[in-house]
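Participant:
Numbering (the numbering used here), first residue to last: 529 to 832.
In structure tokens:
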């Protein structure tokens, strides 16, 4: 029997909305449990992810829905890669040229600039997408599609060309979110490496502070992700590669990881990275000051 995900939570609550004139996709709050499937289950003995619309025993709220220590009902992600909407503001609309050649601090500022000039609740909570938001969406994709290799399940998108294309013009689309993989690399807040390539990540309290995970991501084709946890972090909430391989066919996610010291996070892949692109592609290989014609970003907004 085929599951109609459009009829079950949270998929039935994912919708495209317009906020401050920008096209955004609403992602409803969910709770998460990660563990090994019990004997007798279809996936017995395998690592599994379970999601719920409410707090249950063994479940916790996904940190994408926590801001300043409080749970939110949802968050919003740009339906499209960011474009320059004027006055230094990032926007999200179809048919636009992605805003590229921008540094990480400048991308953060361009998203935050939308917090001025709007009215009411539209005026608050705009920010650069973060690792928890990306991971929540990637998890929902993987559960629905039954594979982490979403580019193979849906469409490759713009991954083998010589330039970025206009937003919304490729097959890389899932539930209203366009170019979530391919086209341009996307600055992603909330994860950096230190001088020893150890990953630091946003605290699960949603206050913008960083905590050290003690984990060094593994470069190559992704085979396994970390399950490390500690004070104010649990890497089961995200997808940090810890076992990788130099041969694509030996990978299990269909995506690639790059890692270096003192770098910030980029996700999705670009127009020239080929099959290395994907929803789980992990790139901590450039400093925050870097800017190239294949690096863009995506705006997000906190919910209520």
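Each residue gets a CB set at the ideal place from its N, CA and C atoms; glycine is no exception.
Treat the numbers as computed from the prediction; the structure is a model and nothing was measured.
(1) What does the alpha-carbon distance come out to for the pair residue 635 and residue 699?
(2) With a threshold of 7 angstroms, establish whether the CB of residue 766 neighbours any heavy atom of the ligand GTP.
(3) Output the distance between the C-alpha atoms of residue 724 and residue 818, rounded to the nearest integer angstrom.
(4) Residue 550 lies in the alpha helix (DSSP H); which residues open and close that run?
(5) Whole angstroms are fine: how far does the CA of residue 791 sit from the CA of residue 798?
(6) Can you find at least 3 beta carbon pairs, one from the region 764-784 and one from the region 597-604, that sit closer than 8 angstroms?
(7) In the DSSP assignment, find the beta strand (DSSP E) that holds residue 743 and state where it starts and stops.
(8) Does DSSP classify residue 650 as helix, strand or coil?
(9) Any idea what DSSP makes of residue 687, helix, strand or coil?
(10) Measuring straight from C-alpha to C-alpha, what distance separates residue 766 and residue 826?
(11) Just to confirm, is the Cβ distance from residue 727 to residue 753 under 8 angstroms?
(12) Measure the alpha-carbon distance for residue 809 versus residue 538 and round it to whole angstroms.
(13) Residue 631 bridges to which residues according to DSSP?
(14) Give the DSSP-derived three-state secondary structure of residue 828 in the structure shown.
Facilitator: Straight from the coordinates:
(1) As a working mapping, residue 635 is identified with position 107 in the chain shown. As a working mapping, residue 699 is identified with position 171 in the chain shown. Cα to Cα, the separation comes out at about 25 angstroms.
(2) Of ligands this structure carries none, so the ligand GTP is not represented either.
(3) Counted from its first residue, the chain shown places residue 724 at position 196. Counted from its first residue, the chain shown places residue 818 at position 290. C-alpha separation (whole angstroms): 20 angstroms.
(4) The residue you call residue 550 lines up with position 22 of the chain shown. Premise fails: residue 550 lies in the beta strand (DSSP E), 550-556, not in any alpha helix (DSSP H).
(5) The count along the chain shown starts at 1 and reaches residue 798 at position 270. The count along the chain shown starts at 1 and reaches residue 791 at position 263. Going by the C-alpha atoms only, they are around 18 angstroms apart.
(6) no
(7) Taking the chain shown and counting its residues from 1, one reaches residue 743 at position 215. Per DSSP, residue 743 belongs to no beta strand (DSSP E) and is neither H nor E.
(8) If you number the chain shown from 1, residue 650 lands on position 122. Of the three classes helix, strand and coil, the one that applies to residue 650 here is helix, per DSSP.
(9) Here residue 687 refers to the residue found at position 159 when the chain shown is read from its first residue. Residue 687 falls in the coil class under three-state DSSP.
(10) Position 238 of the chain shown, counting from 1, holds the residue named residue 766. Position 298 of the chain shown, counting from 1, holds the residue named residue 826. Each residue's alpha carbon lies about 18 angstroms from the other.
(11) If you number the chain shown from 1, residue 727 lands on position 199. If you number the chain shown from 1, residue 753 lands on position 225. Not a contact, by the Cβ cut-off of 8 angstroms.
(12) Position 281 of the chain shown, counted from the first residue, corresponds to residue 809. Position 10 of the chain shown, counted from the first residue, corresponds to residue 538. Looking at the two C-alpha atoms, the distance is approximately 24 angstroms.
(13) Walking along the chain shown from the start, residue 631 turns up at place 103. DSSP, once it has assigned bridges, lists no residue as partnering residue 631.
(14) Translated into positions along the chain shown, residue 828 becomes position 300. Residue 828 falls in the strand class under three-state DSSP.
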